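Asks: Pasting a structure below so you can have a look.
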Amino acid sequence: PTLQATFYGHTYDNPFMNASGVHCMTTAELDALADSAAGSFVTKSATAEAREGNPEPRYVNVDLGSINSMGLPNLGLDYYLDYAIKRQASHPDQPFVMSVASYQGFDEYVTNMRKIQESDYTGLVELNLSCPNVPGKPQMAYDFEDTDRLLTEIFAFYTKPFGVKLPPYFDIMHFDKIAAVLNQFDLKFVNCINSIGNGLYIDKATDTVVIKPKGGFGGIGGEYVKPTALANVRALKQRLNPSIEIIGTGGILTGRDAYEHLLCGASMLQVGTQLEKEGLGVFDRLTKELLAILESKGYASIAEFKGKLGTLD
Ligand SMILES: C=Cc1c(C(=O)O)[nH]c(=O)[nH]c1=O
Numbered sequence: 019p020t021l022q023a024t025f026y027g028h029t030y031d032n033p034f035m036n037a038s039g040v041h042c043m044t045t046a047e048l049d050a051l052a053d054s055a056a057g058s059f060v061t062k063s064a065t066a067e068a069r070e071g072n073p074e075p076r077y078v079n080v081d082l083g084s085i086n087s088m089g090l091p092n093l094g095l096d097y098y099l100d101y102a103i104k105r106q107a108s109h110p111d112q113p114f115v116m117s118v119a120s121y122q123g124f125d126e127y128v129t130n131m132r133k134i135q136e137s138d139y140t141g142l143v144e145l146n147l148s149c150p151n152v153p154g155k156p157q158m159a160y161d162f163e164d165t166d167r168l169l170t171e172i173f174a175f176y177t178k179p180f181g182v183k184l185p186p187y188f189d190i191m192h193f194d195k196i197a198a199v200l201n202q203f204d205l206k207f208v209n210c211i212n213s214i215g216n217g218l219y220i221d222k223a224t225d226t227v228v229i230k231p232k233g234g235f236g237g238i239g240g241e242y243v244k245p246t247a248l249a250n251v252r253a254l255k256q257r258l259n260p261s262i263e264i265i266g267t268g269g270i271l272t273g274r275d276a277y278e279h280l281l282c283g284a285s286m287l288q289v290g291t292q293l294e295k296e297g298l299g300v301f302d303r304l305t306k307e308l309l310a311i312l313e314s315k316g317y318a319s320i321a322e323f324k325g326k327l328g329t330l331d
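The sequence shown begins at 19 in my numbering and counts up one residue at a time.
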């Protein structure tokens with residue numbers, strides 16, 4: 019069997035990528051990702067200007083996952099745009115994704131996208147509407163009207179392919195509402211989910227929180243989030259135009275977790291916490307484990323089961 023994955027017109031060796039934020043801050047980290055067993059990769063979400071981010075400790079691995087309030091540390095949009103333009107020229111056959119966020123809010127999203135529109139980068143962009151750690155700023159994608167207004171403003175000038183990174187939703191009506199907003203636009207993909215925002219982890223040895231920013235509140239990733247991640251992948255796949263592909267992110271530790279995201283309809287799969295814990299070797303392990311599952315079930319390719327989650331009718 020093959021793990022070949024098609025996504026926005028390109029066929030990748032396998033569906034695995036890093037999740038933005040993990041192992042993708044510097045060109046060295048990005049090149050190492052590109053040379054790993056991962057099928058593709060995404061850059062750290064960029065803001066207009068480089069940012070230090072929040073004081074440390076700001077990311078901690080815990081038994082069933084991770085908690086973070088990084089605060090959008092990154093080397094700035096120009097740095098990642100420069101890398102992306104060079105990389106698309108040197109490796110035209112290996113497309114990747116460039117992640118874009120905003121620290122200031124609505125207007126910076128627009129100016130960041132305008133800069134990419136005017137640049138020589140022609141590849142995919144992931145518009146991060148779900149950073150939970152910008153103090154004083156609500157997550158854009160939890161404001162349906164603002165998300166609609168922002169995408170309307172971007173699509174007025176942006177002609178290159180892009181998708182959005184969404185936070186988890188927990189209410190069926192919210193799945194309906196965000197899908198209704200997104201279905202108005204020619205988006206190439208939706209990435210579900212970002213971390214579950216503002217969780218709290220307590221250190222049993224010290225009876226304190228484990229990260230410094232925000233009194234210890236931070237985005238939760240890892241094993242904790244898989245049921246929510248699968249639900250969001252499934253719900254958005256069921257509601258979005260078929261032309262909008264899904265990237266499944268959240269709780270992928272094993273080949274079985276990856277298989278479940280594909281069953282829910284994901285085209286590509288992103289690994290964050292487990293990549294942070296295990297290093298780049300996680301991609302070799304996950305591809306091996308997923309391939310073994312296809313073999314055991316007699317599938318020749320992902321297409322044979324993608325999106326075919328059964329229900330108990
Ligand atoms: C881009 C900011 C994000 C961050 C961060 O930089 O704090 N953490 C997350 O879990 N998700 C994000 O989207």
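Note that beta-carbon positions come from the ideal geometry of N, C-alpha and C, so glycine has one too. Please read all numbers here as calculations on a predicted model, not as lab measurements.
Does the Cβ of asparagine 72 lie closer than 7 Å to at least one heavy atom of ligand 3?
Replies: Of the ligands one can find in the structure shown, namely ligand 1, none is ligand 3.
Asks: Mind reading off the beta-carbon distance from valine 118 to alanine 56? Whole number of angstroms is fine, and I expect it under 8 Å.
Replies: Incorrect: roughly 20 Å between the Cβ atoms, too far for contact.
Asks: Look up arginine 252 in the DSSP assignment and say whether it is helix, strand or coil.
Replies: In this structure, arginine 252 counts as helix in the three-state DSSP scheme.
Asks: Using only CA atoms, which one of Val143, Lys315, Asp161 and Glu126 lies nearest to valine 208?
Replies: It is Val143 whose Cα lies nearest to the Cα of valine 208.
Asks: To the nearest angstrom, how far is it from the Cα of asparagine 201 to the Cα of glycine 154?
Replies: Between asparagine 201 and glycine 154, the C-alpha separation is close to 29 Å.
Asks: Compute the minimum distance between the beta carbon of alanine 119 and the heavy atoms of ligand 1, and state whether it is under 7 Å.
Replies: Flag set: Cβ of alanine 119 near ligand 1.
Asks: Under three-state DSSP, which class holds phenylalanine 84?
Replies: One point to set straight first is that residue 84 is serine, not phenylalanine, in the sequence displayed. Looking at serine 84 - three-state DSSP - the assignment turns out to be strand.
Asks: Measure the beta-carbon distance from methionine 88 to glycine 123 and round it to whole angstroms, keeping in mind my assumption that it falls under 8 Å.
Replies: Not confirmed; about 18 Å, so no contact.
Asks: Run the CB neighbour count on lysine 324, radius 10 Å, all protein chains shown included, and call it buried at 16 or more, exposed below.
Replies: With 16 or more other Cβ atoms within 10 Å, it is buried.
Asks: For ligand 1, is there a heavy atom less than 7 Å away from the beta-carbon of glycine 10?
Replies: Since the first residue of the chain shown is 19 and the last is 331, residue 10 is not available in this structure.
Asks: Exposed or buried, which one is histidine 41 when buried takes at least 16 other CB atoms within 10 Å?
Replies: Buried.
Asks: Quick check: what's the CA-CA separation for valine 228 versus asparagine 151?
Replies: About 15 Å.
Asks: Quick one: does the C-beta of asparagine 151 sit closer than 7 Å to a heavy atom of ligand 1?
Replies: At least one heavy atom of ligand 1 is nearer than 7 Å to the Cβ of asparagine 151, so yes.
Asks: Near leucine 312, what residues of its chain come up, given a Cβ to Cβ distance below 7 Å and the 5 sequence neighbours on each side ignored?
Replies: Answer for leucine 312: Pro19, listed in chain order.
Asks: Is serine 148 close to ligand 1? I mean its beta-carbon at under 7 Å from any heavy atom of the ligand.
Replies: For ligand 1, at least one heavy atom lies less than 7 Å from the Cβ of serine 148.
Asks: Could you pull out every unbroken beta strand (DSSP E) segment of at least 3 residues lying fully inside the stretch 273 to 305, listed in chain order?
Replies: With a minimum length of 3 residues, the continuous beta strand (DSSP E) runs that stay inside the stretch 273 to 305 are 286 to 289.
Asks: Using a Cβ-based criterion (distance less than 7 Å to any ligand heavy atom), does leucine 93 qualify as near ligand 1?
Replies: Every heavy atom of ligand 1 is 7 Å or more from the Cβ of leucine 93, so no.
Asks: With distance defined between alpha-carbon atoms, name the residue in Arg257, Lys306, Ile220 and Pro245 nearest to isoleucine 85.
Replies: Answer by Cα proximity: Ile220.
Asks: Do the stretch 300 to 310 and the stretch 268 to 287 touch if we need at least three Cβ pairs shorter than 8 Å?
Replies: In short, these stretches touch, since the Cβ pair count reaches three.
Asks: DSSP puts leucine 184 in a beta bridge; with which residues?
Replies: Bridge partners of leucine 184: Cys210.
Asks: Hey, quick one: how far does the alpha helix (DSSP H) through glutamate 47 stretch, first residue to last?
Replies: From DSSP, the alpha helix (DSSP H) with glutamate 47 extends over 45 to 52.
Asks: For glutamine 22, collect the residues of the same chain with a Cβ closer than 8 Å to its Cβ; drop the 5 residues on either side in sequence, then sort them by chain order.
Replies: Once the five neighbours on either side are set aside, the close Cβ partners of glutamine 22 are Thr29, Tyr30, Asp31, Asn32, Ser319 and Ile320.
Asks: Any idea what DSSP makes of aspartate 96, helix, strand or coil?
Replies: Helix, per DSSP.
Asks: What did DSSP end up calling asparagine 32 once you bin it into helix, strand or coil?
Replies: It is coil, neither helix nor strand.
Asks: Could you say if the stretch 126 to 140 and the stretch 75 to 82 meet the contact criterion of at least three C-beta pairs nearer than 8 Å?
Replies: Result no; under three Cβ-Cβ pairs closer than 8 Å.
Asks: Considering only C-alpha positions, which residue in the set Asp331, Phe34 and Tyr317 is nearest to threonine 272?
Replies: Selected option, being the one with the closest Cα: Phe34.
Asks: Please report how far the alpha carbon of asparagine 130 lies from the alpha carbon of serine 120, in whole angstroms.
Replies: Approximately 8 Å between the Cα atoms of the pair.
Asks: Is any heavy atom of ligand 1 found at a distance shorter than 7 Å from the C-beta of asparagine 212?
Replies: Within the cutoff, so yes.
Asks: Please report the Cβ distance between valine 60 and asparagine 36, rounded to the nearest whole angstrom; I am assuming they are in contact, meaning their Cβ atoms lie under 8 Å.
Replies: That pair is a contact at about 6 Å.
Asks: Within 7 Å: the Cβ of leucine 280 and any heavy atom of ligand 1?
Replies: Flag unset: Cβ of leucine 280 not near ligand 1.
Asks: Go ahead and pull the three-state DSSP assignment for valine 128.
Replies: Note: valine 128 maps to helix in three-state DSSP.
Asks: Drop a sphere of 10 angstroms on the beta-carbon of asparagine 259, count the other beta-carbons inside from all chains shown, and report buried for 16 or more, exposed for fewer.
Replies: So asparagine 259 counts as exposed.
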